[in-house]
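Below is one structure, written out as structure tokens; comments come after it.
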Amino acid sequence: MLFVDKEHIKDTLRDYCVQEGFALVVNRSKELRYTTVCADERCRWRIHAARLADGHTWAIKTMKQKHNCDLNLVTNPTVNCEWAARKLLEDIRANVDIRGKTMNDLLWDRYGVRMATSTLYKMKDKAIKSSKGVMMIPTQIYQPTFKGLIDGCRGLVGVDGTHLKGNFGEILLSAVSLDGNNEIFPVVVAVVDYENKTSWSWFFHHLKAALTASGRSDWTIMSDRQKGIDPSLDQVWPKVPRRYCARHLCENFKTDYPGVLMHKLFWSVVKSCSQWTKWKFDPTLCNDEVTNNFVESFNSTIGVRRIAMVRHATRQHLSQQWVEPCICPNIREGEIFDKRV
Ligand SMILES: [Zn+2]
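My numbering puts the sequence shown at residues 92 to 432.
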């Protein structure tokens with residue numbers, strides 16, 4: 092019997108001894124040799140394996156298969172946290188609230204072994220941590236969402252990352268636009284392990300592909316000053332116009348200019364819209380939004396997927412009933428920033 096490497100043979104032997112109900116003791120573990128015996132001193136079961144000439148593959152060279160022991164270990168020392176975490180990983184992923192008794196029942200049904208309750212919960216923590224590899228849930232834009240975005244949204248897309256509540260501690264990255272009525276229009280969400288340049292670059296790569304697929308090019312990205320966003324955009328989408336959330340800029344200024352005067356002057360400047368200030372603004376953006384609050388409002392809601400679907404369906408229903416020719420209701424009534432989420 093051949094094995095890919097030494098770890099492969101060790102894993103296989105661990106499974107075998109759990110299946111047969113005995114414990115292993117490693118007699119010799121060297122670079123070229125691996126010998127194990129049955130933990131019962133009266134027993135003569137023994138396996139000797141060696142690495143082959145290719146430098147990688149291992150093979151069993153000699154094996155005494157007959158046991159002189161009882162082969163009835165229910166609490167097998169081989170069944171440790173690492174082994175059980177690997178075996179129950181998918182069950183724990185599917186239900187992170189799985190109870191100790193349920194995990195023990197699964198171990199008993201599948202492998203005929205049990206673990207102490209305290210060890211079971213340590214094993215569960217280990218499984219949860221090990222499942223946090225490099226996980227990135229692919230971003231997707233569904234066709235109706237895409238059509239609504241391209242046909243009816245402003246060119247401003249706010250991005251933000253937030254910690255998800257849950258045992259896995261992932262980060263939700265989201266991109267949200269505003270529709271013609273200045274209401275939130277979710278574009279893309281993704282779940283990643285860490286918020287850093289790698290995850291943002293991956294996110295912007297997909298966002299750019301989605302936003303530019305129709306040929307529409309008047310996009311502007313707004314964000315706070317989180318680490319990773321600027322270098323990722325420099326790398327993935329260097330030419331896209333960028334804006335910073337004014338609220339976050341104000342927070343940054345507070346460090347050097349404490350006091351209310353700076354706050355008052357800052358917001359006076361940010362919200363100024365005289366003809367002398369307008370000339371500097373991008374005429375294609377056509378948006379009064381100066382903060383990233385609309386993205387953070389979306390991220391703070393629970394059940395993003397359901398809310399995004401309900402929101403899109405409601406917007407579609409309302410827009411189909413809308414017969415007035417030009418100006419959206421919120422814009423006409425001047426209720427631009429007050430009624431979101
Ligand atoms: Zn034995």
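By construction, the Cβ of each residue, glycine as well, lies at the ideal position given by its N, Cα and C atoms.
Helix, strand or coil at G246 according to DSSP, with G and I counted as helix
The residue labelled residue 246 in the question sits at position 155 within the sequence shown. If DSSP states are grouped into helix, strand and coil, G246 belongs with the strands.
In the DSSP assignment, find the alpha helix (DSSP H) that holds F276 and state where it starts and stops.
Position 185 of the sequence shown, counting from 1, holds the residue named residue 276. Run containing F276: none in the alpha helix (DSSP H); it sits in the beta strand (DSSP E), 275 to 283.
Scan the region 121 to 168 and note each continuous beta strand (DSSP E) run of 3 residues or more that stays entirely inside, going in chain order.
124 to 129, 137 to 142, 149 to 155
To the nearest whole angstrom, what separates the beta carbons of W174 and D96, a pair I think is in contact under 8 Å?
In the sequence shown, counting from the first residue as 1, residue 174 sits at position 83. In the sequence shown, counting from the first residue as 1, residue 96 sits at position 5. Not confirmed; about 18 Å, so no contact.
What's the call for L123, buried or exposed, on a 16-neighbour Cβ count within 10 Å?
Here residue 123 is taken as the residue at index 32 of the sequence shown, counted from 1. Result: exposed.
Could you give the first and the last residue of the continuous alpha helix (DSSP H) run that contains Y202?
Here residue 202 corresponds to residue number 111 of the sequence shown, with the count starting at 1. Unbroken alpha helix (DSSP H) run through Y202: 191 to 202.
Using 8 Å for Cβ pairs, my map puts V109 next to N167. What's the rounded Cβ distance?
Against the sequence shown, residue 109 aligns to sequence position 18. Against the sequence shown, residue 167 aligns to sequence position 76. Yes, they are in contact, since the Cβ atoms of V109 and N167 sit about 6 Å apart, within 8 Å.
Indicate whether K155 and R133 have their beta-carbon atoms separated by less than 7 Å.
Position 64 of the sequence shown, counted from the start, is the residue given in the question as residue 155. Position 42 of the sequence shown, counted from the start, is the residue given in the question as residue 133. Not a contact, by the Cβ cut-off of 7 Å.
Let me have the residue list for ligand 3: C-beta closer than 6 Å to any non-hydrogen atom, ordered along the chain.
Although ligand 3 was asked about, the structure shown includes only ligand 1 as ligands.
Measuring straight from C-alpha to C-alpha, what distance separates I189 and T210?
Sequence index remark: in the sequence shown, residue 189 carries index 98 (1-based). Sequence index remark: in the sequence shown, residue 210 carries index 119 (1-based). Taking the straight line joining both Cα atoms gives about 14 Å.
Which of the three DSSP states, helix, strand or coil, is assigned to N378?
By 1-based counting over the sequence shown, the position of residue 378 is 287. If DSSP states are grouped into helix, strand and coil, N378 belongs with coil.
Exposure of A140, with buried meaning 16 or more beta-carbon neighbours within 10 Å:
Your numbering for residue 140 matches position 49 in the sequence shown. Answer is buried; the Cβ neighbour count reaches 16.
Consult DSSP for G239 and reduce its assignment to one of helix, strand or coil.
Numbered from 1 along the sequence shown, position 148 holds the residue referred to as residue 239. Reduced to three states, the DSSP call for G239 is helix.
How long is the line joining the alpha carbons of S203 and M194, rounded to whole angstroms?
Sequence index remark: in the sequence shown, residue 203 carries index 112 (1-based). Sequence index remark: in the sequence shown, residue 194 carries index 103 (1-based). Note on identity: in this sequence residue 203 is Gly, with Ser being the wrong assignment. For G203 and M194, the distance between alpha carbons rounds to 12 Å.
Alpha carbon of V170 to alpha carbon of H99, nearest angstrom
The residue given as residue 170 occupies position 79 in the sequence shown. The residue given as residue 99 occupies position 8 in the sequence shown. Answer to the nearest angstrom: the Cα atoms are 17 Å apart.
In whole angstroms, what is the alpha-carbon distance linking L302 and S308?
Position 211 of the sequence shown, counted from the first residue, corresponds to residue 302. Position 217 of the sequence shown, counted from the first residue, corresponds to residue 308. Those two C-alpha atoms are separated by around 8 Å.
So, under 8 Å CB-CB, N383 and N273 are touching, yes? Tell me the CB distance rounded to an integer number of Å.
Residue mapping note: residue 383 aligns to position 292 of the sequence shown, counting from 1. Residue mapping note: residue 273 aligns to position 182 of the sequence shown, counting from 1. Going by Cβ atoms, the distance from N383 to N273 rounds to 15 Å, so no, they are not a contact pair.
Would you kindly work out how many angstroms separate the C-alpha atoms of I275 and E261, rounded to a whole number?
Sequence index remark: in the sequence shown, residue 275 carries index 184 (1-based). Sequence index remark: in the sequence shown, residue 261 carries index 170 (1-based). Each residue's Cα considered, the two are about 23 Å apart.
Taking the alpha-carbon positions, what's the T153 to R177 distance?
Looking up residue 153 in the sequence shown gives position 62. Looking up residue 177 in the sequence shown gives position 86. Looking at the two C-alpha atoms, the distance is approximately 28 Å.
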